[in-house]
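**Student:**
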Amino acid sequence: RECGLWVEAAWKRGARFDAWTELFNKNAWDEAAMQVGIDPIRIARATYSSDTVMPWSHISTGVSTDFLKKERERAYAEITTPDCTFDACSACGACASLRASNMLAGERNG
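Add 327 to a position in the sequence shown, counting from 1, and you land on the number used in our numbering.
#1: So the alpha helix (DSSP H) S424 belongs to, where does it begin and stop?
#2: Are the region 349-366 and the region 377-392 in contact at 8 Å, needing three or more beta carbon pairs?
#3: Under DSSP, the alpha helix (DSSP H) around W383 begins and ends at which residues?
#4: Just reading off the alpha helix (DSSP H) that Y375 is part of, what are its end residues?
#5: Hey, is the region 411-422 in contact with the region 385-393, meaning 3+ C-beta pairs nearer than 8 Å?
#6: Determine the burial state of I365: buried for a count of at least 16 other Cβ atoms within 10 Å of its Cβ, exposed for fewer.
#7: Give me the Cα-Cα distance between A371 and A342, rounded to the nearest whole angstrom.
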């Protein structure tokens, strides 16, 4: 939430599609950070506990918070989770909460 004004200020300076390297507008972000008093280095280096409420926490992706916390610990331990479209269900909660089921591309296309 702290970064909302920063994002808006960068947008007003022309920042668009900045996830694409060729369109990243560093000047817009630097100028916006100075305008709103944000230190991007501090933000990038911040650490958060698994209980921190993040700006996107209110958005439901179908994946449970408990699963994401376990995935965080697995990531720290450098343990990957197999893709459930090819392996066993990883119990993330998405299929149940979104009333979905995995279907491989080959199965959809016949």
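Quick reminder that beta carbons are idealized off the backbone N, C-alpha and C, glycines included.
**Tutor:** In this structure, then:
#1: Reading the sequence shown from its first residue, position 97 is the one you call residue 424. Note, S424: alpha helix (DSSP H), 421-425.
#2: no
#3: Here residue 383 refers to the residue found at position 56 of the sequence shown. That residue, W383, is in no alpha helix (DSSP H); it is neither H nor E in DSSP.
#4: Mapped onto the sequence shown, residue 375 falls at position 48. That residue, Y375, is in no alpha helix (DSSP H); it is neither H nor E in DSSP.
#5: yes
#6: To locate residue 365, count along the sequence shown from 1; it is residue 38. Result: buried.
#7: Counting from 1 along the sequence shown, the entry for residue 371 is found at position 44. Counting from 1 along the sequence shown, the entry for residue 342 is found at position 15. Roughly 19 Å between the two C-alpha positions.
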